[in-house]
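Quick note: the sequence shown uses UniProt numbering, first residue 1, plus one each step. Scroll down for the structure; my scribbles are underneath it.
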Amino acid sequence: MTETIHTLSLCACSEGDILPLAHLPATAGPSPFPAHGMASRPLPDGNRQWRVGTCLHDAAGIARLKVTGRAFLPPAALRAEGPHTQICPLLEALTPIEAGTRTLAARREHWALAWITLSDKGAAGLRNDESGPLMAAQVRAALPLCHEQGFMIPDDPQTLRSLVAELALGQGYDLILTSGGTGLAPRDTTPEALLPLFDRRLPGFEQAMMQASLAKTPTAALSRAVAGTLGLTIVIALPGSRKAVSENLAAVLPALGHALDKLHGDPSDCGRA
């Protein structure tokens, strides 16, 4: 666990407020955001300290803020000079915060989970998401999580591909699960969307999911569930039904924690882990 120290100028905010954190030069005008934070020096994009789930602790060790995403803010939005947009972490206030300058220690423990439900009707508000919360509950019961977030999008490969790339490479989620789009219907395009993104496929995960499904029904042979890695993220595309989601996820959960450890550089011998 790596810890970094940051000096931030914070506005007064209530628990649950979201603060965009930016570096504003002395010439900038007052921030236009009712809740905001300013860093004492420019924030390095891509630094692991700003991955989602990172918490910022005060001197007493109390977590005051948590990274929950990021935003792209143009100079006009920051009332700053220059042509460049800033990539700003979004911080959730975990406690009420008084205005002032604070020195906080940023560190991240455990894993961050994103789950994506693909459904045209769901994205249009015509169907409730039943499989997404189920995925989250199963993972939460098996792995320690520092952050989790769900998304609902239509069955569109470009939207899915863009979202997965942003969550993995931009925001630093460790595990991304998708539900839906793995069958043979014309709009079932999840594998086609994800396979070009993968650095490495995980054929063992795919075989385990297929084996578990075939033990329940012969029609599971139609499933095109896939799994792979993107950067330091494991991405698993699951079927859409609650039953199939539960069965497929249960097949890979026993190996998932170890897989995440190895992907993040755990040097221990696999046979002794």
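Using N, Cα and C, we set each Cβ at its ideal position, and we do this for glycine too. Note that this is a predicted model, so its numbers are computed, not measured.
With contacts defined as CB atoms closer than 7 Å, A105 and I5 qualify as a contacting pair.
With at least 16 other beta carbons inside 10 angstroms of its own, C55 counts as buried. Note on Q158: under 16 other CB atoms within 10 angstroms of its CB, so exposed under the neighbour-count rule. For K121, the closest alpha carbon among the candidates G240, G265, L256 is that of G240.
Assigned with DSSP and collapsed to three states, S131 falls in helix.
By the CB criterion at 7 Å, A185 and A251 fall outside the cutoff. Here C270 is exposed, its C-beta having fewer than 16 other C-beta atoms within 10 Å. If you ignore the 5 residues before and after L249, its C-beta comes within less than 7 Å of the C-beta of M135, Q138, L238, all in its own chain and listed in chain order. Inclusion of I116 and F151 in the CB contact set at 7 Å is warranted, their separation being smaller than that value. Burial of G172 is indicated by the presence of at least 16 other C-beta atoms within 10 angstroms of its C-beta.
In this structure, the alpha-carbon of A93 lies about 12 Å from that of A99. Counting every other CB atom within 10 Å of its CB across the protein chains shown gives E206 a total of 16 or more, marking it as buried. Residue burial annotation: P196 is exposed, with fewer than 16 other C-beta atoms found within 10 angstroms of its C-beta. Taking the CA atoms as reference points, E148 sits about 15 Å from L163.
Counting along the chain, S162 sits inside the alpha helix (DSSP H) bounded by residues 157-165. The DSSP assignment places 120-123, 131-142, 157-165, 190-194, 203-214 as complete runs of the alpha helix (DSSP H) inside the UniProt domain "MoaB/Mog" (114-259), in order along the chain (cut-off: 4 residues).
Per the coordinates, the alpha-carbon of N128 lies some 42 Å from the alpha-carbon of A60. For C270, no beta strand (DSSP E) encloses it, and the DSSP letter there is neither H nor E.
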